[in-house]
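Residue numbers (my numbering), protein chains in the order written: chain A, 12 to 381; chain B, 12 to 381; chain C, 12 to 381; chain D, 12 to 381.
Protein chains: 4
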Amino acid sequence: MPANHQNKTKVVILGAGFIADIHAESFHRFVPEAEVIAVYARDPVKAEAFARRHHIAFWYDDLERAIHEAGADVVDVCLPNFLHCQAVLTAARAGKHVIVEKPLCMSLEEADAMIAACRQAGRLLMYAEELCFAPKYERVRQLVQEGALGRIFQLRQCEKHSGPHSPWFYDVEQSGGGVLMDMGCHGLAWFRWMLGRQTQPVSVSAHLQTGLRHAQRTRGEENSVVIVTFANGVLGVVENSWAKPGGMDDRVEVYGDGGVVYADLFIGNSALTYSEKGYGYALEKAGTTQGWTFTICEEAFNQGYPQELRHFIQCVQQGTTPLVTGEDGKAVLELLLAAYASAGLGRPISLPFQPKVNKPVDLWLTPPPS
Amino acid sequence: MPANHQNKTKVVILGAGFIADIHAESFHRFVPEAEVIAVYARDPVKAEAFARRHHIAFWYDDLERAIHEAGADVVDVCLPNFLHCQAVLTAARAGKHVIVEKPLCMSLEEADAMIAACRQAGRLLMYAEELCFAPKYERVRQLVQEGALGRIFQLRQCEKHSGPHSPWFYDVEQSGGGVLMDMGCHGLAWFRWMLGRQTQPVSVSAHLQTGLRHAQRTRGEENSVVIVTFANGVLGVVENSWAKPGGMDDRVEVYGDGGVVYADLFIGNSALTYSEKGYGYALEKAGTTQGWTFTICEEAFNQGYPQELRHFIQCVQQGTTPLVTGEDGKAVLELLLAAYASAGLGRPISLPFQPKVNKPVDLWLTPPPS
Amino acid sequence: MPANHQNKTKVVILGAGFIADIHAESFHRFVPEAEVIAVYARDPVKAEAFARRHHIAFWYDDLERAIHEAGADVVDVCLPNFLHCQAVLTAARAGKHVIVEKPLCMSLEEADAMIAACRQAGRLLMYAEELCFAPKYERVRQLVQEGALGRIFQLRQCEKHSGPHSPWFYDVEQSGGGVLMDMGCHGLAWFRWMLGRQTQPVSVSAHLQTGLRHAQRTRGEENSVVIVTFANGVLGVVENSWAKPGGMDDRVEVYGDGGVVYADLFIGNSALTYSEKGYGYALEKAGTTQGWTFTICEEAFNQGYPQELRHFIQCVQQGTTPLVTGEDGKAVLELLLAAYASAGLGRPISLPFQPKVNKPVDLWLTPPPS
Amino acid sequence: MPANHQNKTKVVILGAGFIADIHAESFHRFVPEAEVIAVYARDPVKAEAFARRHHIAFWYDDLERAIHEAGADVVDVCLPNFLHCQAVLTAARAGKHVIVEKPLCMSLEEADAMIAACRQAGRLLMYAEELCFAPKYERVRQLVQEGALGRIFQLRQCEKHSGPHSPWFYDVEQSGGGVLMDMGCHGLAWFRWMLGRQTQPVSVSAHLQTGLRHAQRTRGEENSVVIVTFANGVLGVVENSWAKPGGMDDRVEVYGDGGVVYADLFIGNSALTYSEKGYGYALEKAGTTQGWTFTICEEAFNQGYPQELRHFIQCVQQGTTPLVTGEDGKAVLELLLAAYASAGLGRPISLPFQPKVNKPVDLWLTPPPS
């Protein structure tokens, strides 16, 4: 076995859903510096099954106990959005370092509380935006830094599929919003990552659609197009969908005055298969595997999950600040809020934008008077 | 740091060229169970530079000392082909486990000696064919096993670029042959991997070309097309080139009576870039980076290098037999010999084929009387 | 029916620039029912050269004479935008049928005058939007009609290159605007074509950028992103650029609740070439032909030029209404005006929108008080 | 020059199957200089239906009458292979120009008779190899002529699908062979077209497979790989299949010492569609239209059918020799015979090769003593 058991950073994963599975497998395969020692899920059956599936020593159905008693150094929050804040505050108070999945939380107040709690506890808070670590997108960012494209003037990022697995996404009280909340945060974070966090966003303009594939099961938006203008003149376009069948799609386009790049994480990494009978797994949310399919491999690695988790563990071990912090998550949340408000009011929203609202989608569902 | 220093399997790399660089980086980034503690190169300047570049503790310009004195458990042979045998025999005699880069060696006699030496020493011998570990090609193999394609009837594998870096490749006394020796071994191994080593090859038919880009610097072949027929009726086509500009190309096609798969490791994994100015690195042997390029990331991971090395270290630690052994390397060598003989005689060669020859290309350059 | 010399519909082309070349070649190769008998250009040298190049019997440097004297039945307007109106009025008064290149003209008043003149003269007026005839895009439209994608909720169309050839494009007095005027009209027309002209656009939201590749030579916008919302809930996104190097790019994406289509007219129809030396022509505005290029064939056929011209000639011969009329061109112009106004005012513009303005870009360069 | 009704070249099509449909539609849409005035099929029901479908004035179920009485200038032979000779001889004797679909006929004797008959009659004989006219492949050939790739050393052409429509293909008495006879002729012709007919082929080496998808219905081969070596050192690889599901596939690769080209006529020209429900037609022999499909447009135009037919009509009108003649068809047949013999004897066959055999596949099914 690689390492001595005591030297590894111990991790407790909160949550046993789709993303928690990806995290557990990523830790196991690619983060030798860490060991997942415990998992928490509200449902003990799920918690136990997850622990068995991933060979995790302990499982809990009590959040407080999982955080306080499992003996972990790091808490990895893979819970529904509305529980992010509580989990982070609890973890910080218990003296743990925290990595929390996107989107950060439900409101700017929650964000401030989470950041403050970790700071006061002297613990690291990482915002888990895996696109900042996806190998192909990082190569694209280096291309820009190498000057290959000249001065950037437009960015476009899309993430689309046919809808998430877990039911809580569709309950806006738990999720905070629909596809924009769930996936638009990726593109918004990626814009800041590509341009540098000192590049100020100036305004956000959003168009949201509902009543598509999931009309019967959610009030949240199912398709979104958001435009962000930046102080340096750059335009960012982010498109997201819960209503696009055919499998996960994640791609970027970068336009500069000296070049352009197109990068695609799924079709762009796949084998092309024709199968009359069909087979097991093509790629995330693929639909049928009969006929032509795009067959993926190493999905999590291509998307950057192992790399972001390994980065955090190394930060914990070395005492360094993560590349993507709670402040970054809060900045993305502010852009999300501006987007929902823009859609609700039918006009662009200027930044900074600091509304008081329980959850972001309220700005669209029940917009304040203009 | 992840692991306790004593538990790691210690590796000495023999060679400091292009492939050794890939191995060192692969060990460093992806094989936490191992530590590269020493490197050997004939040229002390190169050895020292390599050690510095990869943060390796010791360097040697004496092969015997590197193997006997560095304290490694594993010897990783990344030397010119003609030195494989000597290195493996020395390593086996020193009680080391050995992984040796393709192609195995220069003759069946050498192969037998290498296999025997490791067996007598009770040590593992792995043949480093990375295509057996390339994630995309492994997904393809699983597709076949899942029955997605029905019964396979044809395989095709290509690996092509504009010629290797190191001068020794072009000296057939050191290399044993040209592109077929250098890269045809990949496809031939991959056929056995896909069909199972119990599937007997029946005959080999080869066409070799010379006098292309490297006409002035080598007697070896620069372009090859080889067809292998198998006892179960499958046809394998492998095409290789040292004369194809535009960057490394590695792809497979698998045809079954119920489906087909196309998989590409380079263009098929890349970002598409247009740069007026050009930039640093697109992909292996890319040529110009002005205009359109295919920009790769994680090349070594995509090709299977880290995975094959990690597999070997785990075999060493667990005492299990590697998935690809010296016997596999010998079987590939037999196919290479048959291919050179086929090209020399202008007709297919039946298997088994066990000629006595100093180096494979001699069967083409100076074919025996028919 | 095709015809002998007397039965052919006679055409005079007004203009001898890039688009006129495409038209002349399209007529020659693919429209046997017509014959181009004359060409007009302001510069007699150009007019004569064009006539010689295309084997056209007569050339003129006097617009009135070309229209009145050449003996044509059809006038094909391939002039700078600011001359469209005058040319169409002159042609209508001379009793000719007219096809006019996009965009229709500089103002709604001009549009009304052009439509009225042709109606009063009892002559056909076709708006030459070739995307309505591009074979691949027409196949996409049939897919939608076949129900392959279910109910459409989002459309996206992009046309991007590194800037037009002729100098007049860069003078907004002659062009009326920059890339949005020049190429955004395609996507806006295509939305109406895909959804049906009865599907009302509700609002237009635009973002324009300047100061890119052509900063020194134009006040017009060089990059644009426009969003159109339709009464049936569909969202249309059109992106255009004069600042994207690497060659012409024209693509669509169609999203429905039962499927999706991606179609690309250039890279998506090309051969992939690597050339160390370079060669003649890859595709429109390709830049370098060294390194990797996308090599096109039958560009005009793929874009729909011959098909739209043949359609018009058949309408003239059969007395039927063209599929794309002056009214369609006016509707597109209204969307363009709304887009410029949106960019100027920084908010969406509702339709209908009927401003009085000399040229569309004025709504952005000198926006009226909000 | 195109013509009025009397000036058009009149064509009678012999055959009413799949290829005849393509020819009729190609003439109708793209060859204004010609008019298809009659069709022959053995089955009067089919003949009448074909005539109605294509608005053809006359239909026949008597071959002699169709040729002698319909008043055509040109006979277009789209019959089963075993009837090519008889049809061409009859047409020549009747003083008609003839274009005959590939492959030319069943034996070299037939070929000589067909060539001689047309020459004696002073009539043109064109061999309808559409790949010599496919726009994308012609652009590739120009790239080579422009020097974009340097000196060519390898060509590869593939045409693969899941098996032809009409039953006669599967009866080797009518077809002369399986997929090699049906589709290998394309690649063999294309090699000569690319290299020039003066470039002598030296030897042919073939591998054929049977017992795949069509095991129950044919003795002919279903999958073939053929290698041709040329006197100038070029290697040609042609792969064909009747056993590849997922739709028609036609692609070429051209390798030169200064470059490389990849060109694909189907996937490489298509739109990419995902449809949950499925739809009408994706591309030739596509299989399911549910899930992902490659949706083609203008298939016949992309493959070169209209262009080859228009070329022949222009030759007839101008009295010039077609670019692809009966002699070319005979040369291809010789290569086919050598390929079947090579597969039958298990060794390469040198050229020239002029066996006496009733039909090509006999050289494989019952090879002569070596």
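Cβ coordinates follow ideal geometry from the N, Cα and C atoms, glycine included. A quick note: this is a predicted structure, and the numbers were derived from the prediction, not measured.
Any chain A beta carbon closer than 8 Å to residue i
| i | result |
| --- | --- |
| D/G257 | yes |
| B/G158 | yes |
| C/S281 | no |
| C/N18 | no |
8 Å Cβ cutoff, residue i in contact with chain B
| i | result |
| --- | --- |
| A/E141 | no |
| A/P43 | yes |
| D/H197 | no |
| D/I110 | no |
Below-8 Å beta-carbon distance, residue i vs any chain C residue
| i | result |
| --- | --- |
| D/T284 | yes |
| D/R150 | yes |
| A/L223 | yes |
| A/D261 | no |
| D/D84 | no |
Closer than 8 Å to chain D by CB, residue i
| i | result |
| --- | --- |
| B/P363 | no |
| A/E287 | yes |
| B/D73 | no |
| B/A254 | yes |
Contacts of residue i in chain A (Cβ-Cβ under 7 Å)
| i | result |
| --- | --- |
| B/R167 | Under the 7 Å cutoff, chain A gives no residues; its nearest Cβ is about 14 Å from B/R167. |
| C/H402 | Because chain C in this structure spans residues 12 to 381, residue 402 of chain C falls outside the shown range and cannot be described. |
| B/A409 | Residue 409 of chain B lies beyond the residue range present for chain B, which begins at 12 and ends at 381; the question has no answer from this structure. |
Which residues DSSP lists as bridging residue i, in chain order
| i | result |
| --- | --- |
| C/P212 | C/F241 |
| C/Y285 | C/W303 and D/V271 |
| B/F184 | Checking the sequence shown, residue 184 of chain B turns out to be Glu, not Phe. In DSSP, B/E184 forms no bridge with anything. |
| C/R262 | C/C169 and C/D275 |
| A/G247 | A/L166 and A/V239 |
| C/N234 | C/Q220 and C/S252 |
| C/W386 | A query on residue 386 of chain C cannot be resolved here, the shown segment of chain C reaching from 12 to 381 and no further. |
Proximal residues of chain D, C-beta to C-beta of residue i below 7 Å
| i | result |
| --- | --- |
| B/P175 | Neighbours of B/P175 on chain D: none; closest Cβ ~17 Å, over 7 Å. |
Residue i: contacting residues in chain A (beta-carbon distance under 8 Å)
| i | result |
| --- | --- |
| D/Q301 | T299, Q301 and G302 |
Cutoff 6 Å; reference residue i; Cβ partners in own chain excluding five residues on either side
| i | result |
| --- | --- |
| B/W201 | L142 and Q168 |
| D/V99 | V109, V111 and M125 |
7 Å CB neighbourhood of residue i in its chain, flanking five on each side removed
| i | result |
| --- | --- |
| B/F305 | G258, F277, I278, S281, L283, A293 and L294 |
| C/G195 | S235, V237, V249, N251, L347 and A350 |
| A/F180 | S186 and D193 |
| C/P366 | L348, A352 and L374 |
| C/M12 | Annotation note: pLDDT 39 at C/M12 (below 50); position unreliable, coordinate value reported separately. The answer is none, since no qualifying residue turns up. |
Beta-carbon neighbours of residue i, restricted to chain B and to distances below 9 Å
| i | result |
| --- | --- |
| A/K147 | N280, S281, A282, T306, I307, C308 and E309 |
Chain C residues whose Cβ lies nearer than 7 Å to that of residue i
| i | result |
| --- | --- |
| D/V271 | Y285 |
Amino acids of chain B, ordered along the chain, whose beta-carbon sits closer than 8 Å to that of residue i
| i | result |
| --- | --- |
| D/G357 | S214 and P359 |
Beta-carbon proximity list for residue i, same chain, < 8 Å, skipping 5 on both sides
| i | result |
| --- | --- |
| B/K341 | L115, L119, A122, D123 and I126 |
Tell me whether the stretch 59–69 of chain D and the stretch 141–155 of chain D touch, counting them as touching only if at least three CB pairs, one residue from each stretch, are closer than 8 Å. Contact between the stretch 59–69 of chain D and the stretch 141–155 of chain D is absent, with fewer than three C-beta pairs closer than 8 Å.
Would you call the stretch 229–249 of chain B and the stretch 288–302 of chain B touching, i.e. three or more CB-CB distances under 8 Å? Short answer: they don't touch.
Three or more C-beta pairs under 8 Å: does that hold for the stretch 72–87 of chain A against the stretch 154–169 of chain A? Contact annotation: the stretch 72–87 of chain A does not touch the stretch 154–169 of chain A, with fewer than three C-beta pairs closer than 8 Å.
Between the stretch 315–330 of chain A and the stretch 41–51 of chain A, do at least 3 Cβ pairs fall closer than 8 Å? Taking 8 Å as the limit for Cβ pairs, the verdict is that the stretch 41–51 of chain A does touch the stretch 315–330 of chain A.
Any 3 or more C-beta pairs closer than 8 Å across the stretch 123–142 of chain A and the stretch 329–336 of chain A: Yes, they touch.
With a threshold of 8 Å, are at least 3 pairs of Cβ atoms found where one atom belongs to the stretch 23–35 of chain B and the other to the stretch 212–228 of chain A? Short answer: they don't touch.
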